[in-house]
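Notes to accompany the following structure.
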Amino acid sequence: DTGVSQDPRHKITKRGQNVTFRCDPISEHNRLYWYRQTLGQGPEFLTYFQNEAQLEKSRLLSDRFSAERPKGSFSTLEIQRTEQGDSAMYLCAGAGLNTGELFFGEGSRLTVL
Amino acid sequence: DQQVKQNSPSLSVQEGRISILNCDYTNSMFDYFLWYKKYPAEGPTFLISISSIKDKNEDGRFTVFLNKSAKHLSLHIVPSQPGDSAVYFCAASGTNDYKLSFGAGTTVTVRA
């Protein structure tokens, strides 16, 4: 158990709808990451928080995507106006300040019809 | 631009034998390397890591070897067990760069 929980585990939505995913890391995870994984590929970096500050965003993250970590604890990833190409597994990971390992949650699978 | 490459999409090995997974990287700024294991419908699980100041790290049945000059690392699993059947991802990061870059993964199947 990595201590990182994600909700929902699976979301099916219609194209054009908005979806939101939530990630709850443990308190020791000062750093929090969002990754996206599609079939046959490794996880791709989307964005990274240190406490409540969003320090980096990938060029992959279009303006339809927004992430927050308002109190430095849980985080949300919202996708507006979903497209079929957004169908993927969205992974959240936590890490301590001075460790290189990321600890992943079980992921939220998005299916856009 | 794929900075971490796993050129073998799959590997089949008999139970009890050695599994060798390979990974190449292109970014010379990478100095920390990790292997993750992933079962279907689960998130990746950290397996083992190695810093660039070392060329070998061992943890039980798992050993990671790093060849910095060749920009190559490998994961050895010995002996392989049926529970090792999973997708294995190689990942890398640089100093002060806190995000990991992942390879595409190698699916390992351990045959009884």
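As they're listed, the protein sequences go chains A and B. Residue -9 in our numbering sits at position 9 of the first sequence, with consecutive numbering throughout. Numbers given in our numbering equal positions in the second sequence, counted from 1, plus 107. Where is the CB? At the ideal position from N, CA and C, for every residue including glycine.
1. R124(B) to D68(A), Cα distance in whole Å?
2. Please list, in chain order, all residues of the same chain as S48(A) whose beta carbon is under 6 angstroms from its beta carbon, the five residues on each side excluded.
3. Can you tell which of V94(A), S40(A), S90(A), T81(A) has the C-alpha that lies nearest to the C-alpha of Q62(A)?
4. Do you know whose CA, among A193(B), H179(B), F209(B), Q188(B), lies nearest S135(B)'s CA?
5. Say the cut is 6 angstroms; is the CB of G76(A) nearer than that to a heavy atom of the ligand FMN?
6. Between Y146(B) and chain A, is there a C-beta pair that is closer than 7 angstroms?
7. Examine chain A for any beta-carbon lying closer than 7 angstroms to the beta-carbon of L207(B), and answer yes or no.
8. Alpha carbon to alpha carbon, how far is Q(-1)(A) from S181(B)? Give it in angstroms, no decimals.
9. Quick one: using the 10 Å Cβ neighbour count with 16 as the cut-off for buried, is I155(B) buried or exposed?
10. Return no unless some Cβ of chain B is closer than 7 angstroms to the Cβ of P7(A).
11. Compute the Euclidean distance between the alpha carbons of E10(A) and S(-13)(A), then round it to the nearest angstrom.
From the atom records:
1. 40 angstroms
2. E60
3. V94(A)
4. H179(B)
5. Looking at this structure, you won't find the ligand FMN or any other ligand, since it has none at all.
6. no
7. yes
8. 43 angstroms
9. buried
10. no
11. 14 angstroms
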